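Just so you know, we're using the working numbering here: the sequence shown kicks off at -18 and counts up by one.
For reference, the structure is listed below as structure tokens.
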Amino acid sequence: MKLRDLLLETWSALTANKGRSMLTILGIVIGIAAVITMTALIGGIKQSLVSELGLNQSRAVMIYANAGRTVTVDELDKISQGIGKYEYLSGAQGSSAQLTSGKKQTSTTVLGVGKGFVTANGGKIVSGRDFTDEEYASGAMVALIEKNTASKIFGADTNPVGKAMSIGNDQYTVVGVVEMSGLLGGSSGAWVPFNTSATRLTGNNGVDSIVGYAKEGEDMGTVQQETKKYLQSYFNLPPDRAQEEIYVETMESVQNQLDSMLMAFQIMMTMVASISLLVGGIGIMNMMLTNVTERIREIGLRKALGARSADITKQFLMESVALCLSGGIIGTVFGYLGAWGLAQGAGLFLPGMTVTPAFSVATVVIVVAICTIIGIVFGYGPARRAAKLDPVESLHYQ
């Protein structure tokens, strides 16, 4: 039988009873739609988190050392040189303060930061400049302001660079506007040089957190291990205590943890959707068995006119696969629409985060493969049953 004739026969058989065909593929539609929705949504959430948390800064390292004493900013150069894997280590200390410009004000976290903190933490200066070496060293009264915070106190249409604002009781000059997405800087509204913060805001030179930027070409796993090993020796901690009090995390390891969590969730949801696909496959098998019973005389006539058993098998397998592919196509469309709708609603639960569903050609190819396999597996039994019918008995079937 020619492919063209086979396709025409398949189309005719499926459209003969549209209502039954649509009900039969419902399980396939639901299963595929669920898989597509979860895959696209989880992919979009992952991309957003990578961007929002600064995980694309693969050379950045977060360090927390709770060794029974405060690490001071003066120790960072010594620690960096001792480890030998970093371009620099940058400390930060935070404090809550009121930012004021004219009659507008807002409460926020102000970070006192060392050189290179913005770069290491995945920030981007969208207007103005970073602090100069002299401003870092002298504790100058200058500040960087976060983009959305700048809009609140200066207005959305005003460029705050060069303008004055108050942080607490002191006046600062804004030298740059920052779009910050990193783990340490995402909730901060302003940044000042570390020495400025130490003398004007906190009254101490202890660092709350440390961000390092590894040298080009360094293996991040090695950097992580060497940092832990050095800090354990530096603070003279026993191994068990060091395990609890020294935390070193690379952006790479954070992303791997995130990938594992999202993958586990996706596998769980796929298993749930697989139940629907199984039910859909059984439904298709039942429909194909019904079709064989209803078309026994047609099968007998075709065999009497010269159709081979292989031709009958091909026709019923084609019908089964076509049903599954139809369900897969409809499910894919509904799945992407569902992912888009849920992504729009994600903004209500994740303020400030924009989730864009991840659409993939590979996913569509996988859907086609899954639907084809389901069609063959659940359609083979009815197809073989049809092919084995005796033409004489079939023609006399009432």
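Built from N, CA and C at the ideal position, the CB exists for glycine as well.
Since the model is a prediction, treat every value here as computed from it, not as a measurement.
Alpha-carbon spacing of Gly120 relative to Thr177, whole angstroms
4 Å
Indicate the three-state DSSP secondary structure (helix, strand or coil) for Ser46 in the structure shown.
Contrary to the premise, residue 46 reads as Ala rather than Ser in this sequence. Ala46 falls in the strand class under three-state DSSP.
Quick one: grab the DSSP three-state call for Gly166.
In this predicted model, Gly166 has a pLDDT of only 49, less than 50, meaning its place in the structure is not dependable; the value taken from the coordinates is given anyway. Correct three-state label for Gly166: coil.
May I have a chain-ordered list of the beta strand (DSSP E) segments no shorter than 3 residues that lie completely inside the region 209 to 260?
227 to 231
Report the partner residues of Pro174 according to the DSSP bridge assignment.
Val94
Taking one C-beta from the region 236 to 245 and one from the region 72 to 87 each time, how about it: are there three or more such pairs within less than 8 Å?
no
Candidates Leu282, Gly184, Ile44, Ala73: closest to Trp172 by CA position
Ala73
Helix, strand or coil: which one does DSSP assign to Lys85?
strand
To the nearest angstrom, how far is it from the Cα of Gln224 to the Cα of Val99?
28 Å
Using CA coordinates, which residue listed in Met19, Glu197, Ile6 is at the minimum distance from Trp321?
Met19
Spatial neighbours of Gly0 in its chain, beta-carbon cut-off 6 Å, leaving aside the 5 residues before and after:
none
From Gly166 to Ile354, what does the alpha carbon distance come to, in whole angstroms?
Confidence at Gly166 is low in this model, with a pLDDT of 49, below 50, so the placement of that residue should be treated as unreliable; the coordinate-derived value is given next. Whole-angstrom Cα-Cα distance: 49 Å.
Note down the Cα distance separating Ala368 from Ile293, rounded to an integer number of angstroms.
5 Å
State whether the region 58 to 73 contacts the region 258 to 270, with contact taken as three or more CB pairs (one from each stretch) at a distance under 8 Å.
no
CA-CA distance, Gly104 and Gly143?
20 Å
Can you tell me which residues form a DSSP beta bridge with Ala78?
Thr89
Other residues of its chain near Met250: CB distance less than 6 Å, five sequence neighbours each side excluded:
Met19
Pull up the DSSP beta-bridge partners for Gly157, would you.
Gly109, Leu125
Where Ser190 falls, given that 16 or more other Cβ within 10 Å makes a residue buried:
buried
Quick one: what's got a C-beta closer than 6 Å to Leu57's C-beta in the same chain, skipping five residues either side?
Leu70, Gly72
For my contact list, Gly356 and Val302 are in at a C-beta cut-off of 8 Å; report their separation, rounded to the angstrom.
3 Å
Check each candidate in Ala137, Met43, Ser241, Thr337 and name the one with the smallest Cα separation from Asn102.
Met43
At the level of alpha carbons, what is the spacing between Glu127 and Val345?
41 Å
From the DSSP output, which residues share a beta bridge with Tyr67?
Ala195
7 Å Cβ shell around Lys196 - same chain, five flanking residues per side excluded
Lys66, Tyr67, Glu68
Cα-Cα separation between Gln62 and Ile347, rounded to whole angstroms
50 Å
Can you name, in chain order, every residue of its own chain whose Cβ lies under 8 Å from the Cβ of Phe340, other than the five neighbours on each side?
Ala21, Tyr317
If you draw a straight line from the C-alpha of Val91 to the C-alpha of Gly149, how long is it?
10 Å
Between Gly198 and Gly12, what straight-line distance do the alpha-carbon atoms span, to the nearest angstrom?
45 Å
In angstroms, rounded to a whole number, what distance separates the CA positions of Met161 and Ile256?
43 Å
By how many angstroms is the C-alpha of Ile280 removed from the C-alpha of Ala288?
9 Å
According to the neighbour-count rule (16 or more other Cβ atoms, all chains shown, within 10 Å of its Cβ), is Ala343 buried or exposed?
exposed
Please identify the residue among Glu116, Gln28, Leu212, Phe135 whose C-alpha is closest to the C-alpha of Tyr45.
Leu212
With a threshold of 16 other CB atoms inside 10 Å of the CB of Gln296, please say whether the residue is buried or exposed.
buried
Do you know offhand how far Asp55's Cα is from Pro219's?
24 Å
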